[in-house]
Amino acid sequence: MDLCLSQKRVLVTGGSRGIGFAVAEAFLLEGAEVVIVSRERKGLEAAADKLFRSTGSKPSWYSFDLSDIDQRVTLHSVVGCVDILVNNAGAIPGGSLSTVKIEDWISSWSLKVFGYIHLCQLFLPDMRLKKSGTIVNIIGMGGRAVRSNYICGAGGNAALIGFTNAIGSETPAYNVRVFGINPSPTLTDRLIQLYKVRATEELKDADRWEELMDSSNMPFGRVKWPSEVAALSVMLSSPKVHYLSGTVIDLDGGIQWT
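If you want the numbering used here, it's the position in the sequence shown, counting the first as 1, plus 51.
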């Protein structure tokens with residue numbers, strides 16, 4: 052099926068690794084023109100080269116700290132109008148209320164929660180003007196299936212779920228779609244770091260993190276792959292799914308109901 056994404060201009064934040072990298076790769080394979088953004092120049096350079104080898108197309112890239120208001124404004128001024136914005140940059144720490152420092156709440160929400168909201172504020176007016184565009188917020192099941200050992204993510208992701216529902220109910224009035232995806236644990240470096248925090252708290256040894264990852268209790272007997280989040284992001288960004296907006300889809304294999 053032709054998803055009609057060829058030549059579409061796509062901005063993927065947090066695009067140098069993990070889910071963001073997989074999303075960028077999937078859009079490139081559909082013929083889109085992709086821009087990836089993250090903090091680390093070396094990581095971006097390596098990601099761009101790797102994407103070229105896997106897809107035959109090389110993305111543009113920019114190094115910005117998206118936890119900073121001014122740098123988000125600069126990103127918008129440099130990149131300009133896009134057809135699809137994928138908000139993915141974010142690293143909310145694991146831990147309980149007593150262990151996550153308030154400074155970590157503020158810094159992580161500045162990147163993910165306020166970062167997503169601000170980038171929507173910056174890029175939506177362009178989309179509204181041309182009466183076309185799509186925004187995909189990669190959020191997380193931590194905001195739906197809340198846990199006290201991921202308290203910072205529970206609050207931040209829940210806020211983004213509500214934000215996406217609300218803004219996505221408005222944007223169809225000017226032919227723009229906003230929807231979200233809640234991935235459950237996905238096999239990335241980020242996931243391993245979260246499990247190490249849990250292992251430190253529960254087992255007193257970060258190196259024992261694998262003991263907490265019992266794949267036999269997971270849907271389909273495994274952890275989800277980043278490529279699955281990417282595939283859903285790309286398919287739902289297609290104009291063939293034009294009637295989708297204001298929805299946040301739980302990509303968790305049904306584990307929240309078990």
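Don't be surprised by glycine CBs; every beta carbon is placed ideally from N, CA and C. Since the model is a prediction, treat every value here as computed from it, not as a measurement.
If A75 sits next to V88, beta carbons under 8 Å apart, how far is it from one beta carbon to the other, in whole angstroms?
At roughly 10 Å, the Cβ-Cβ gap does not stay under 8 Å, so A75 and V88 are not in contact.
Cβ-Cβ distance between A83 and L56 below 9 Å:
yes
Would you kindly report the start and end of the unbroken beta strand (DSSP E) that includes L11?
One cannot answer for residue 11 here, as it falls past the ends of the chain, which runs 52 to 309.
Do A196 and D303 have their beta-carbon atoms positioned less than 9 Å apart in this structure?
yes
Would you call G204 buried or exposed, if buried means 16 or more other Cβ atoms sit within 10 Å of its Cβ?
buried
Verify the CB distance criterion: does C203 have a CB-CB separation below 9 Å to chain D?
Absent from the structure is chain D; it holds one protein chain and no more.
So what does DSSP say about V299, is it helix, strand or coil?
Here V299 sits in strand by DSSP.
Under the three-state DSSP convention, the category W276 falls into:
Taken through DSSP and simplified to helix, strand or coil, W276 comes out as coil.
Nonlocal neighbours in the same chain, by C-beta distance under 6 Å from R90, ignoring five residues either side
D116
Please determine if the region 226-236 and the region 173-188 are in contact, where contact requires at least 3 C-beta pairs separated by less than 8 Å.
The region 226-236 vs the region 173-188: in contact.
Residues that DSSP places opposite S114 in a beta bridge
S89
Runs of alpha helix (DSSP H) lying entirely within the region 148-221, each at least 4 residues, in chain order
Complete alpha helix (DSSP H) runs here, min 4: 153-162, 164-181 and 202-221.
Would you mind reading off the limits of the alpha helix (DSSP H) that contains R249?
D240 to E253
Please report how far the alpha carbon of S288 lies from the alpha carbon of F72, in whole angstroms.
16 Å
Within 8 Å, do at least three Cβ pairs link the region 107-127 to the region 160-170?
yes
Can you list, in chain order, the residues of its chain whose CB lies under 6 Å from that of T251, leaving out five sequence neighbours each side?
A257
Collapsed DSSP secondary structure at V130 in the structure displayed
helix
Below 8 Å, how does it come out for the region 277-287 and the region 212-225: are there three or more Cβ pairs, yes or no?
no
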